[in-house]
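> Here the sequence shown stands for residues 1 to 515, where the numbers follow my numbering.
Glycine included, each C-beta is placed from N, C-alpha and C at the ideal position.
Bear in mind that the values here come from a model prediction, so they are computed numbers and not experimental data.
I'd like to ask some things about the structure below.
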Amino acid sequence: QTQNDYIRKWLPQKEDFLHILLELEAPPVPWICKICQKDGVYRCPDCMHQPLLCTNCCRAMHEAHPFHRIQQWTGDFFEDSALHMTGLQVHLGHGRAPCPSASANEPAQDPSDVDDGEWEDMDNIPLHLRPPVGSKYLTIVDVTGVHFVLVGACQCPNADSFHMQLFQAKLCPSTFEKPSTAFTFSVLDDFLRDNVECGTSGMNYYSKLHRVTSNVFPHLVVDRYQELLRVVRQWHLLKLLKWSGYQDNKNRSKKGDLAIFCAACPQPGINVSTTSNLDHWTYTRTVVMDGNFKVEHMHERRPEDQVWLMDGCGFMVTNPPYQAYLKATPQIVEKSACNNHKAISQASTGHGRLDSTGVGATACARHGCFYPHSVVDFQKGERQLNMDYSLAHALSYNMTGINNVLCFYDINCAYMKNLRRCVDSSDVLQIPPSMKITAGIGMWHVHGHKKECYTQYSPLFIKGSGWVDGEIIETLWSTLNIVSASTRGMTSPHRQELLDFQMNNSNFMKMIQMG
1 QTQNDYIRKW LPQKEDFLHI LLELEAPPVP WICKICQKDG VYRCPDCMHQ PLLCTNCCRA
61 MHEAHPFHRI QQWTGDFFED SALHMTGLQV HLGHGRAPCP SASANEPAQD PSDVDDGEWE
121 DMDNIPLHLR PPVGSKYLTI VDVTGVHFVL VGACQCPNAD SFHMQLFQAK LCPSTFEKPS
181 TAFTFSVLDD FLRDNVECGT SGMNYYSKLH RVTSNVFPHL VVDRYQELLR VVRQWHLLKL
241 LKWSGYQDNK NRSKKGDLAI FCAACPQPGI NVSTTSNLDH WTYTRTVVMD GNFKVEHMHE
301 RRPEDQVWLM DGCGFMVTNP PYQAYLKATP QIVEKSACNN HKAISQASTG HGRLDSTGVG
361 ATACARHGCF YPHSVVDFQK GERQLNMDYS LAHALSYNMT GINNVLCFYD INCAYMKNLR
421 RCVDSSDVLQ IPPSMKITAG IGMWHVHGHK KECYTQYSPL FIKGSGWVDG EIIETLWSTL
481 NIVSASTRGM TSPHRQELLD FQMNNSNFMK MIQMG
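So this is what it looks like as structure tokens:
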């Protein structure tokens, strides 16, 4: 059946669905608590069947679900409420029970720096959007919205610091001394998924949380957007360290060691025995190079004030050595004997307002996985020295013993003429003289070349190339293009981290679907 067939069957029943939807807005009969049979006050739409509860039962029932959004009956309708209005407290340690070492007269948590300026005009703010009056509270951001929660810390003599207790409870604090804001692991993971799947920016995601918290008064929801951006950067690094099997951040020594690479490409000592005949054509590495001019980056206001969390640990190359290489390497003015390709004719074109005009990358041509530590920024156009740096680092990644490479690039007829000369004259680029690089041009681009280029570089005529179009990298840019608008104005470290995470996700999705 088609989609329209299913909709036609639904149409005669639409009034029944609407009737149930309206019934769910009415108070239940009888008007009693689902648990203790006393008068009901609150209901929880996040709980199955949105049970009606008295204040005490609502508080007790949600000790394990402190981020549900509840509603209170006004006599005419259910209006939004909050669990902190029931007196709910979250206790850290001791299995959610209050700490026996805590005094009943002490505040519910360590004193926090609460910005009283945010709440100057309290009378115009709905009750459920106001913090608890006269209490120390924590602003906690979850997928269900922004919550004010009374938090009781463990005060035993051997207890961890307050911010570490929060993290053990799956709450990531935005600061470490007297934290006042924390993000649940769930909301951080949800943002990462939204970002890689939908390209959602931090601003749009937090705007959604405003609407989730209060659809009618989103402008009155407390703003924690800057805190979200900061914590997400930390979360990116922690997740990559965990996925890569690192117990700490000290033992990383290899470039690109937080990146996932192709599981099918031959890698001696990993998926191919080092005793194999690696010169055999079956162990040929097939790579493809290309540039993307949509992933731009604006000049920064304070480039000297940067914190790099994972420079060179993912797909983007390490920044200081790359900048030093660019300054020390003269640019070869390329001329194409073939057609007038933009990658060559506009290689020296600069844009004063941009710090980076785009990125260049190398990927495996068969499976479409980005090479770790091989993605470079362009300063002008798609210059030879940029792509040399990308290719040289790609060909040094788990390639020990492999000497046959098939390289696709849409301007290979001009690019390969200078590659060896550029590598030999550089103190930075290292491609072994024994490595045989066969040049090819992708099936789509090769048709725009002269006939002699077609017969020399088309994969149809290259021995050992197999059935490959050499254009797969074009399909990889779409994921980066989605987030390029939000990375355009980021700081360089933040942009690098976000692009690295996007490319890591792209490789991960290729891997799990490879079988």
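Would the segment 49–65 and the segment 3–21 be scored as touching if the rule is three or more Cβ pairs under 8 Å?
As far as the Cβ criterion goes, the segment 49–65 does not touch the segment 3–21, which means the pair count is below three.
> Assign CYS299 to one of two classes, buried (16 or more other C-beta atoms within 10 Å of its C-beta) or exposed (fewer than that).
Here the question's residue 299 lines up with position 299 in the sequence shown. Looking at the sequence provided, one finds His at residue 299 rather than Cys. With fewer than 16 other Cβ atoms within 10 Å, it is exposed.
> Under three-state DSSP, which class holds TRP308?
Residue mapping note: residue 308 aligns to position 308 of the sequence shown, counting from 1. Three-state result, TRP308: coil.
> Alpha carbon to alpha carbon, what distance is there between VAL90 and ALA108?
Mapped onto the sequence shown, residue 108 falls at position 108. Mapped onto the sequence shown, residue 90 falls at position 90. Low per-residue confidence applies at ALA108: pLDDT is 45, beneath 50, and the placement is therefore not dependable, though the value from the model is reported in the following sentence. So the alpha carbons of these two residues sit roughly 9 Å apart.
> Looking only at DSSP bridge pairs, what is GLY360 linked to?
On the sequence shown, position 360 is the one that residue 360 refers to. Note: GLY360 sits in a beta bridge opposite GLY291, VAL376.
> From the DSSP output, which residues share a beta bridge with MET298?
Locating residue 298 in the sequence shown gives position 298, where the first residue counts as 1. DSSP lists LEU354 as partners of MET298.
> Which residues in the same chain have their Cβ closer than 6 Å to the Cβ of CYS422, if we skip the five residues on either side of it in sequence?
Walking along the sequence shown from the start, residue 422 turns up at place 422. Excluding sequence neighbours, CYS422 sits near ASP388.
> Pull the bridge partners of LEU258 from the DSSP assignment, please.
Locating residue 258 in the sequence shown gives position 258, where the first residue counts as 1. In DSSP, LEU258 forms no bridge with anything.
> Could you tell me the distance, in whole angstroms, from the CA atom of TRP467 to the CA atom of LEU385?
Here the question's residue 467 lines up with position 467 in the sequence shown. Here the question's residue 385 lines up with position 385 in the sequence shown. Each residue's alpha carbon lies about 30 Å from the other.
> Could you spell out the range, first to last residue, of the beta strand (DSSP E) harbouring GLU79?
Taking the sequence shown and counting its residues from 1, one reaches residue 79 at position 79. Per DSSP, GLU79 belongs to the beta strand (DSSP E) from 78–80.
> Just how far apart, CA to CA, sit SER356 and HIS297?
Looking up residue 356 in the sequence shown gives position 356. Looking up residue 297 in the sequence shown gives position 297. Whole-angstrom Cα-Cα distance: 5 Å.
> Check whether the segment 251–271 touches the segment 358–366, counting contact only when three or more Cβ pairs, one atom from each stretch, lie closer than 8 Å.
Touching, per the Cβ criterion.
> Suppose you measure from the CA of ASP5 to the CA of PRO12; what does that come to, to the nearest Å?
Counting from 1 along the sequence shown, the entry for residue 5 is found at position 5. Counting from 1 along the sequence shown, the entry for residue 12 is found at position 12. The alpha-carbon atoms of ASP5 and PRO12 are separated by roughly 12 Å.
> Leaving out the 5 sequence neighbours to the left and right, which residues in its chain are closer than 8 Å to LEU228 when beta-carbon positions are compared?
Taking the first residue of the sequence shown as position 1, residue 228 is located at position 228. Excluding sequence neighbours, LEU228 sits near VAL141, PHE183, PHE191, GLY202, TYR205, TYR206.
> Please list the segments of the alpha helix (DSSP H) lying wholly inside the segment 37–104, counting only runs of 4 or more residues, in order along the chain.
Here the runs fully enclosed are 55–61.
> Report yes or no: do the segment 490–503 and the segment 312–324 share at least 3 C-beta pairs separated by less than 8 Å?
The segment 490–503, when compared against the segment 312–324, does touch it at the 8 Å Cβ threshold.
> For the candidate residues GLN37, ALA64, GLY199, PRO30, whose alpha-carbon lies nearest to that of ASP46?
Translated into positions along the sequence shown, residue 46 becomes position 46. Of the listed residues, the one whose Cα sits closest to ASP46 is ALA64.
> Please work out which residues of its chain come closer than 7 Å, Cβ to Cβ, to LEU419, disregarding the five sequence neighbours upstream and downstream, and give them in chain order.
As a position in the sequence shown, residue 419 is number 419, starting the count at 1. Only ASP388 meet the Cβ criterion.
> Excluding five sequence neighbours on each side, which residues of the same chain lie with their C-beta closer than 8 Å to the C-beta of GLY152?
As a working note, residue 152 is residue 152 in the sequence shown. The answer, listed in chain order, is GLN89, VAL90, HIS91, LEU92, PRO98, CYS99, ALA102, ALA108, GLN109.
> With 16 as the cutoff for other CB atoms within 10 Å, does THR284 come out buried or exposed?
Against the sequence shown, residue 284 aligns to sequence position 284. Label assigned to THR284: buried.
> Within a Cβ cutoff of 6 Å, which residues of the same chain sit near ASP113, ignoring the five residues on either side of it in sequence?
Sequence index remark: in the sequence shown, residue 113 carries index 113 (1-based). For ASP113, the predicted structure reports a pLDDT of 45, less than 50, and the residue's modelled location is therefore unreliable. A value from the coordinates is still provided. Cβ neighbours of ASP113 beyond the five flanking positions: LYS178, SER180.
> Is DSSP giving ASP427 helix, strand or coil here?
If you number the sequence shown from 1, residue 427 lands on position 427. It is coil, neither helix nor strand.
> Would you tell me roughly how many angstroms separate the C-alpha atoms of ARG130 and ALA82, rounded to the nearest one?
If you number the sequence shown from 1, residue 130 lands on position 130. If you number the sequence shown from 1, residue 82 lands on position 82. The alpha-carbon atoms of ARG130 and ALA82 are separated by roughly 9 Å.
> Would you say the segment 394–413 touches the segment 274–290, given that touching needs at least three Cβ pairs under 8 Å?
Cβ pair count under 8 Å is three or more, so yes.
> Going by C-alpha distance, which of ASP377, GLN306, GLN226, ALA324 is nearest ASN292?
Counting from one through the sequence shown, the residue named residue 292 turns up at place 292. Taking only the C-alpha atoms, the option nearest ASN292 is ASP377.
> Counting pairs of Cβ atoms below 8 Å between the segment 478–494 and the segment 168–176, do you hit three or more?
Touching, no.
> Under a Cβ-count criterion, where at least 16 other Cβ atoms within 10 Å of its own Cβ denotes burial, should GLU519 be classed as buried or exposed?
Given a span of 1 to 515 for the chain in the structure shown, any question on residue 519 remains unanswerable.
> For THR213, name the three-state secondary structure that DSSP assigns.
Here residue 213 is taken as the residue at index 213 of the sequence shown, counted from 1. In this structure, THR213 counts as helix in the three-state DSSP scheme.
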